[in-house]
């Protein structure tokens, strides 16, 4: 038989803990995603903020698999490997190429030679099944301790396209009835196999050796493997708790519907922990978001990435928060956007505020409407009320930034920092040209362009002196009116 395994262990190293592992996960990720109408492999599309395959990886790790074997196609190998180096840079993965997609058991045949010798069991998972739960695999793993092969099954009403589980008079799995060869009586069986398995490695090696080389169809391979397992003992099976846990993603409609199921699950989990959602159907919560008790999440709020929201925080929407640490008693008003930043206790953000790029907002600080912070540090009680850009800057305690102020931090080549001292008062419509330092309790006049450091307690002016010409306004008005009428003023 043609060798289709081609194990690729580039970048895969074995840690000391892995050498003791007895479980590997074979994760099938061969689908190119034609029905997704995308150049991206199907398993790299996101659900609940993670690529589909990341859900399978986390699940495998949670049930004890320290070795991961990805079954990929020639087309999906490069993009999946590149994505894994970004998503899980510390997780070693072995890649095995399946030249033609021929089902789960052919994928297992391809991946088995890549499984390290010390591994005793494998769990076969799918990279497009994000709803599968750790509890489902935990009971499957337990069942596999009593047999060389354990199947995860489901009970479906009116099922088509699935192979049926046929049991003997003792309730043991007797064989698998393929969809296209099953009798009418067998087709009436509601229990189906799901292509999720837990098996002994030695058993699989022997099974694939014993099965005829002509295994162009995965269904006969499965049927034969079940029969071989029965000759060595029994075949264990576990029925999944919720059928929807086994739902696979085939197109964008599936992806949207599964996203909704995932959102509902996450919302219910957070509600059970004491979080209030003003409209549970119109929020977005990522898998890596942590919400403490007495958090209130408003309509249209989207929480992404590794975001932690502490107690008594209110977030009104629509608002987007990505990868942030929000401490206790913070209030975030509507139409705000926060990314990769920290907001300390009792701070107030928004509405219409943007906080980004490693900014830190101190306790009881205020970032008002139409304010943007970029790589800025606001100390306790600092205030940027409205219509301002504060980039690459440090604001001391009780510093106050007037409306319309900007820090000029970029000279077209380098970024420069502005430091504003404790209790400093920056007047409205100021232009602060960095690098610049304003001392403690200094003042800058409204409308100033400040280009030089200002000492503590000083008052700085950086604007043209006003000139007033008495009566000139009347003359100007008369001239403009005459020109509008078509005349000329001598």
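In our numbering, the protein residues as written are 2 to 491. Virtual Cβ for every residue (Gly too), placed ideally from N, Cα, C.
Local Cβ density within 10 Å of residue i, reported as buried at 16 or more and exposed below that
i           : result
residue 38  : exposed
residue 465 : exposed
residue 171 : exposed
residue 227 : buried
residue 61  : buried
residue 280 : exposed
residue 237 : buried
residue 445 : buried
residue 173 : exposed
residue 428 : buried
residue 390 : buried
residue 96  : buried
residue 481 : exposed
residue 147 : exposed
residue 50  : buried
residue 113 : buried
residue 206 : exposed
residue 149 : buried
residue 191 : exposed
residue 43  : buried
residue 257 : exposed
residue 485 : exposed
residue 269 : exposed
residue 211 : exposed
residue 225 : buried
residue 282 : exposed
Presumed contact (8 Å Cβ cut-off) between residue i and residue j, rounded CB distance
i           : j           : result
residue 356 : residue 349 : Actually they do not touch by this definition, with Cβ atoms about 12 Å apart.
residue 111 : residue 75  : Their Cβ separation, rounded to whole angstroms, is 12 Å, which puts residue 111 and residue 75 out of contact at 8 Å.
residue 84  : residue 52  : 6 Å
residue 386 : residue 447 : About 14 Å separates the two Cβ atoms, so there is no contact after all.
residue 286 : residue 267 : 4 Å
residue 354 : residue 370 : 7 Å
residue 383 : residue 398 : 7 Å
residue 328 : residue 345 : 5 Å
residue 126 : residue 28  : 5 Å
residue 442 : residue 458 : 5 Å
residue 69  : residue 92  : 7 Å
For residue i: DSSP bridge partner residues
i           : result
residue 389 : 372
residue 361 : 343 and 378
residue 460 : 444
residue 51  : 48
residue 401 : 384 and 426
residue 411 : 416
residue 321 : 303 and 338
residue 64  : DSSP output for residue 64 lists no bridge partner at all.
residue 439 : 421 and 455
residue 349 : 332 and 367
residue 355 : 338 and 373
residue 326 : 309 and 343
residue 315 : 297 and 332
residue 450 : 432
Start-to-end residues for the alpha helix (DSSP H) that takes in residue i
i           : result
residue 209 : 202 to 211
residue 87  : 78 to 88
residue 126 : Where residue 126 is concerned, there is no enclosing alpha helix (DSSP H), although the beta strand (DSSP E) it sits in stretches over 122 to 127.
residue 435 : Per DSSP, residue 435 belongs to no alpha helix (DSSP H) and is neither H nor E.
residue 33  : Per DSSP, residue 33 belongs to no alpha helix (DSSP H) and is neither H nor E.
residue 482 : 473 to 485
Limits of the unbroken beta strand (DSSP E) element including residue i
i           : result
residue 156 : 150 to 156
residue 24  : 24 to 30
residue 144 : No beta strand (DSSP E) contains residue 144, which is instead part of the alpha helix (DSSP H) from 135 to 144.
residue 97  : 94 to 98
residue 111 : It is not in any beta strand (DSSP E) - residue 111 instead sits in the alpha helix (DSSP H) that spans 105 to 112.
residue 396 : 394 to 396
residue 498 : Because the chain spans 2 through 491 in this model, residue 498 falls outside it and cannot be assessed.
Closer than 6 Å: residue i CB and nearest the ligand ATP heavy atom
i           : result
residue 254 : For the structure depicted, the ligand ATP is absent and the ligand set is empty, with no information on it obtainable.
Runs of alpha helix (DSSP H) lying entirely within the segment 226 to 313, each at least 4 residues, in chain order: 253 to 273
Please specify which runs of the alpha helix (DSSP H), each continuous and at least 4 residues long, are wholly inside the segment 165 to 205, giving them in chain order. 185 to 188
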